[in-house]
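What follows is one structure encoded as C-alpha cells, with my remarks underneath.
Numbering (the working numbering), first residue to last: 114 to 504.
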C-alpha cells in the first residue's frame with residue numbers, strides 16, 4: 114500500500130495538466146493510466162489528419178504556451194510533441210499499464226482507497242490518498258449505438274477511434290455514422306482516398322469553419338452577448354455554405370455557442386466535406402433503420418450496400434465502472450451533475466477534470482482550480498495541526 118496526498122486517475126491532457134499544477138506547488142501526486150502511454154487518445158486513437166479545431170491560444174495547458182512558430186490550428190503530431198514537452202518540463206511521471214479497478218472513500222480514516230492492476234506485471238496495487246482526482250474525461254470509451262441487425266453485417270465495422278486513414282478502403286463503399294467533427298473529417302478523408310463515401314446525419318447540426326469559430330470565440334472573449342455572436346456566426350455560415358438543409362443537414366433552432374454552453378455539444382467544423390457533399394462525392398443519408406447482411410436500410414426507405422461502417426458516434430464515461438460513491442459529483446452515467454464553472458469539486462476530497470465539455474480550455478481551468486483548492490486544504494490542515502500541537 115502506497116500513501117500519497119493526491120491520486121490522479123487518467124493521464125490524458127486533464128490528468129497531465131492537474132499533475133503539472135500540483136507539481137508547481139510541490140504537492141506529491143501519482144498519476145495512474147490504464148493504457149501503455151499517456152494521452153493515448155491522441156497518440157493511438159486519433160486519425161492521421163486530425164488538427165485542433167480551435168486556435169492554439171484556446172488549447173494551451175496551464176503555464177506552457179505553444180511555441181510561437183506553431184500554426185494557429187495545431188496538427189495532431191504537433192500537439193503530441195507539445196504534450197511530450199509538457200510532461201518533461203513539469204516532471205510528470207505517469208504510471209502506465211495501471212488500470213484502476215475500484216476507489217472508495219473510507220469514512221473512518223477520511224482517505225481514498227484505490228485498488229489498481231498493473232497489467233504488464235499482472236500484479237495488484239493499492240494506494241491511499243487524501244484527495245482523488247478523476248481525470249478519465251468524457252471521452253474514455255468509444256460508443257457504438259445499438260443498431261438492429263448490426264451483428265449480421267458482413268463487412269467491417271469500427272468506432273472512429275480505430276480509424277487511421279482511408280488507404281485500406283480504396284474502391285470500397287463505406288458508411289460513416291455521425292456528422293460531428295470526427296464523422297465529417299473521416300468522410301472527407303475517405304473521399305480523398307477514392308472511397309465511395311456516405312454519411313449518416315442523425316440530428317440537426319451547425320456546420321461552421323475554423324475561421325468562423327475563431328471569430329465567435331474572439332467576440333465572446335470581448336464580452337459580446339452569446340445571442341449576438343450566434344447570429345453573426347450563423348449568418349457567416351450561411352454565406353459560406355448556403356442552405357445546408359438542402360444537402361440533408363437540418364440546422365438547430367438555437368445558435369451554436371448557446372448549445373455549446375448549455376449542453377456541451379460542439380458545432381461541426383467543416384474541413385472540406387461540405388463541398389464534397391455539394392458535388393455528390395459524399396452521399397448523405399438519414400438515420401439507419403436496420404441492417405441485413407451487407408445491406409443497410411435508412412429512415413427514408415432507401416436501401417444501400419456497404420463494405421464497411423465507421424461509427425463516429427462519440428464516447429462514454431467509464432467512471433461508474435470503478436468509482437464507489439461520489440454521487441454528489443457524478444450521475445449514473447459517470448458525468449458530473451454540476452454545471453460549469455463549478456463542475457470540478459465534490460465532497461471528501463473528490464475532484465474531476467476534463468468533464469466540462471469545454472475542451473482543452475476547460476481542462477486548463479479545472480486543473481488550476483483543483484490544484485489551488487488542494488493546496489489551500491493542505492495549508493489549512495498544517496495550520497490546524499500546528500495549533501493543536503501548540504496546546
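Note that the Cβ used here is the ideal one computed from N, Cα and C, for glycine as well.
Option in 326, 376, 164 with minimal Cα separation from residue 191:
Checked all of 326, 376, 164; the closest Cα to residue 191 is 164.
Status (buried if at least 16 other CB within 10 Å, exposed otherwise) for residue 197:
exposed
Taking its Cβ as the centre, do 16 or more other Cβ atoms sit within 10 Å of residue 297, making it buried, or is it exposed?
buried
Provide the residue(s) that pair with residue 312 in DSSP beta bridges, ordered along the chain.
289, 397
Measuring alpha carbon to alpha carbon, tell me which residue in 353, 367, 359, 374 is nearest residue 382.
Ranking 353, 367, 359, 374 by Cα distance to residue 382 puts 353 first.
Beta-carbon proximity of residue 240 to residue 117, cut-off 8 Å
In this structure, residue 117 lies closer than 8 Å to residue 240 by Cβ.
Between 258, 333, 361, 152, which lies nearest to residue 413 when the distance is taken from Cα to Cα?
361
Roughly how many angstroms separate the alpha carbons of residue 329 and residue 134, rounded to a whole number?
Rounded to the nearest angstrom, the gap between the Cα atoms of residue 329 and residue 134 is 29 Å.
Taking only three categories from DSSP, how would you classify residue 465?
strand
By how many angstroms is the C-alpha of residue 394 removed from the C-alpha of residue 387?
10 Å
What residue from 189, 450, 202, 416 has the CA that sits closest to residue 167's CA?
Of the listed residues, the one whose Cα sits closest to residue 167 is 189.
Residue 244: first and last residue of the uninterrupted beta strand (DSSP E) it sits in:
Where residue 244 is concerned, the enclosing beta strand (DSSP E) stretches over 236 to 247.
Measure from the alpha carbon of residue 376 to the alpha carbon of each residue in 347, 350, 470, then state which is nearest.
470
Classify residue 430: buried if its beta carbon has 16 or more other beta carbons within 10 angstroms, exposed otherwise.
Around the C-beta of residue 430, 16 or more other C-beta atoms lie within 10 Å, and the residue is accordingly described as buried.
State the DSSP-derived secondary structure class of residue 188, mapped to helix, strand or coil.
Look at residue 188 here: in three-state DSSP terms it is strand.
Span separating the alpha-carbon of residue 159 from that of residue 126
14 Å
Just list the residues that DSSP pairs residue 269 with in beta bridges.
421
Between the region 199 to 211 and the region 137 to 148, do at least 3 Cβ pairs fall closer than 8 Å?
yes
Assuming residue 426 contacts residue 257 under a Cβ cut-off of 8 Å, what Cβ separation, rounded to an integer in Å, is found between them?
6 Å
Look up residue 405 in the DSSP assignment and say whether it is helix, strand or coil.
strand
Outcome for residue 440 when other beta-carbon atoms lying within 10 angstroms are tallied against a minimum of 16
exposed
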